[in-house]
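>
Protein chains: 2
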Amino acid sequence: MADEQVRARVLEAADRLYYGRGIQSVGMDELRLASGVSLKGLYGLFPSKAAIVLEVLDRRHAQWTDGVTERVARATTPRDRLLAIYDYLADWFLDDTFRGCGFINAFAELGSISPTVAQSAREHKAGFQDYVARLVATAGADPALAPQLSILAEGAQTTAAIAGTGEAADHARRAAGILIDAAMPAVPSWNRLDERHSNAR
Amino acid sequence: MADEQVRARVLEAADRLYYGRGIQSVGMDELRLASGVSLKGLYGLFPSKAAIVLEVLDRRHAQWTDGVTERVARATTPRDRLLAIYDYLADWFLDDTFRGCGFINAFAELGSISPTVAQSAREHKAGFQDYVARLVATAGADPALAPQLSILAEGAQTTAAIAGTGEAADHARRAAGILIDAAMPAVPSWNRLDERHSNAR
DNA sequence: CACAATAGAGAACGAGCGTTCTCAAAGCAA
DNA sequence: TTGCTTTGAGAACGCTCGTTCTCTATTGTG
Chain A
31 MADEQVRARV
41 LEAADRLYYG
51 RGIQSVGMDE
61 LRLASGVSLK
71 GLYGLFPSKA
81 AIVLEVLDRR
91 HAQWTDGVTE
101 RVARATTPRD
111 RLLAIYDYLA
121 DWFLDDTFRG
131 CGFINAFAEL
141 GSISPTVAQS
151 AREHKAGFQD
161 YVARLVATAG
171 ADPALAPQLS
181 ILAEGAQTTA
191 AIAGTGEAAD
201 HARRAAGILI
211 DAAMPAVPSW
221 NRLDERHSNA
231 R
Chain B
31 MADEQVRARV
41 LEAADRLYYG
51 RGIQSVGMDE
61 LRLASGVSLK
71 GLYGLFPSKA
81 AIVLEVLDRR
91 HAQWTDGVTE
101 RVARATTPRD
111 RLLAIYDYLA
121 DWFLDDTFRG
131 CGFINAFAEL
141 GSISPTVAQS
151 AREHKAGFQD
161 YVARLVATAG
171 ADPALAPQLS
181 ILAEGAQTTA
191 AIAGTGEAAD
201 HARRAAGILI
211 DAAMPAVPSW
221 NRLDERHSNA
231 R
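Chains as they are written, first to last, in my numbering: chain A, 31 to 231; chain B, 31 to 231.
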């Protein structure tokens, strides 16, 4: 099997274990068992556990970004594109393996003792916030809407994780709808001739 | 020194260390050093590290509850009482020791391997959500407002923790204001005679 | 002063960790 | 087949952890 495939198998197993039980609780021996790659093999592919952790976080960031953008792309109106974020969260929360945001978890566990983990979490969150800001800008809404929507998404994730239920996504979506309506012209600006018919809230 | 005072000193030191660096990263020896209580003394006062962790979480819950209710009590109108939550957060985020919600952190670190820690976090969050729900009910607002405000507070905490800045409190406060206005009659119900003058949004 | 009880310092213990090393088996070129 | 390289299984190493134990010094009490 090619190195790249073995790497992928290791990172998949590591992600599953680290996300499900915490990083410090999963030893290299368990990763060997779960991935089917010997200890020597693991240390041939990665210089250390810390390196594996960082690659797992990178992979998770890419998967999150892909998942959200794909869900957003399916929506048609600017308003629905913003709300699609919470639809994505709603689906994710229903997954039985859901245990909160992996970056929040990693940051909580290691952020204060591992600068690289802390940086990875910061970059992930900043990337998401930038993405939301771009969606908000494209929608022509007040830029102040962007951090509000990001905070809602953040709060929904931790609330759902700790409560063990998915309702938080619906609550966040409803709140987002209200905030969007307050920050966005009800009708696209190129249709402003009709505004007198559509300004009912 | 009385047992209760020694207990308090131990729990204070444990809280500072656990919150600042993570629970698993702080050993009993370090707690002995920070508290000035010998290992034998620690195990005389507490049966195990797990018991200390739980008491630390209980203490933290009480402090959070006291702090929030005190801040809320200072506000006069129902609307300001709801917004006071975010003022409390804003102050907290400026503390240099701020490192996110201790319960989210503990849950992320140990929730999946320690049922008692998971339960403590769930109870803490449920308690806060109930409190917000009571404030919302007292304000005569749509009950759906309560989980929205809780999610905003939750999201502000993790956002501020990872970003390392406190702006999230302001963003959450602004969002809360919009959501409150959308869910609450603009004028107290006992003044409804005037409603025809104040229904402008 | 004598003596029992206590408490502190720190060694000890058993377990688990990340990482490296050993050694035997397997594969492969010639 | 022979010799060389690579591989996997798992032992070994050095460390840290939570917890207990030992031993010494101290204290209070008669």
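Every residue, glycine too, gets a C-beta built ideally from N, C-alpha and C.
For clarity, every value in this text was computed on a predicted model and none was experimentally measured.
So which residues of chain A does B/T189 contact, with C-beta pairs closer than 9 Å?
Neighbours of B/T189 on chain A, chain order: K155, Q159, P177, S180, I181, E184 and G185.
> If contact means a Cβ-Cβ distance below 7 Å, which residues of the stretch 74–90 of chain B contact chain A?
Residues passing the 7 Å Cβ filter: none.
> Interface residues of chain B around A/L209 at Cβ under 8 Å?
Ordered by position in chain B, the residues that pass the 8 Å Cβ test against A/L209 are A205, I208 and L209.
> Can you tell me the Cβ-Cβ gap for B/A174 and B/A186, rounded? I've got them flagged as a contact below 8 Å.
Going by Cβ atoms, the distance from B/A174 to B/A186 rounds to 19 Å, so no, they are not a contact pair.
> Whose C-beta lies closer than 7 Å to the C-beta of B/M58 among residues of the same chain, with five residues either side of it excluded?
If we look at B/M58 and ignore the five residues flanking it on each side, its Cβ neighbours are L69, L72 and K79.
> From the DSSP output, in three-state form, read off A/T195 for me.
Reduced to three states, the DSSP call for A/T195 is coil.
> Give the straight-line distance between the Cα atoms of B/D172 and B/M214, rounded to the nearest whole angstrom.
About 7 Å.
> Give me the Cα-Cα distance between A/A138 and B/F128, rounded to the nearest whole angstrom.
Going from the Cα of A/A138 to the Cα of B/F128 covers about 12 Å.
> Please report how far the alpha carbon of A/E184 lies from the alpha carbon of B/A32, in whole angstroms.
Computed Cα separation, rounded: 44 Å.
> Beta-carbon within less than 8 Å of A/L47's beta-carbon, same chain only, minus the 5 sequence neighbours each way: which residues are those?
Contacts found: V56, E60, L61 and A64.
> Starting from A/G97, trace the alpha helix (DSSP H) both ways and give me its first and last residue.
Element bounds for A/G97: K79 to R104.
> Keeping to the same chain, check which residues put their C-beta closer than 8 Å to that of B/L87; ignore five residues upstream and five downstream.
Excluding sequence neighbours, B/L87 sits near G132, F133, A136, V147, S150, A151 and H154.
> Within the stretch 99–174 of chain A, note down every full alpha helix (DSSP H) run reaching 4 residues or more, in order along the chain.
DSSP runs (the alpha helix (DSSP H)) wholly in the stretch 99–174 of chain A: 108–124, 132–140 and 145–169.
> Go ahead and label A/W220 buried or exposed: buried means 16 or more other beta carbons lie within 10 angstroms of its beta carbon, across all protein chains shown.
Because the pLDDT at A/W220 is just 46, under 50, the model does not fix this residue reliably, and the value given afterwards should be weighed accordingly. Exposed, by the Cβ-count rule.
> Indicate the three-state DSSP secondary structure (helix, strand or coil) for B/V67 in the structure shown.
B/V67 falls in the coil class under three-state DSSP.
> Near B/V162, which residues of its chain fall below 6 Å by C-beta distance, leaving aside the five closest residues on each side in sequence?
Here the set comprises A176, L179 and S180.
> Could you check which residue in A/V36, A/E42, A/A205 and A/T99 has the C-alpha nearest to that of A/G157?
Comparing Cα-Cα distances from A/G157 to each of A/V36, A/E42, A/A205 and A/T99, the minimum goes to A/T99.
> Closest by CA to A/I192, which one among B/A206, B/Q159 and B/A205?
Checked all of B/A206, B/Q159 and B/A205; the closest Cα to A/I192 is B/Q159.
> Establish whether the CB of B/F137 and some CB of chain A are separated by less than 7 Å.
Yes, contact with chain A.
> Using a Cβ cut-off of 8 Å, pull out every chain B residue sitting near A/A212, in sequence order please.
Under the 8 Å cutoff, chain B gives I208 and A212.
> Closer than 7 Å, CB to CB, is A/I192 near chain B or not?
Interface residue, yes.
> By the criterion of Cβ-Cβ separation under 8 Å, what are the contact partners of A/R152 in chain B?
Ordered by position in chain B, the residues that pass the 8 Å Cβ test against A/R152 are I192, A193 and G194.
> Got a sec, what are the start and stop residues for the alpha helix (DSSP H) A/D50 sits in?
The sequence as given places Gly at residue 50 of chain A; Asp does not occur at that position. First-last of the alpha helix (DSSP H) with A/G50: D33 to R51.
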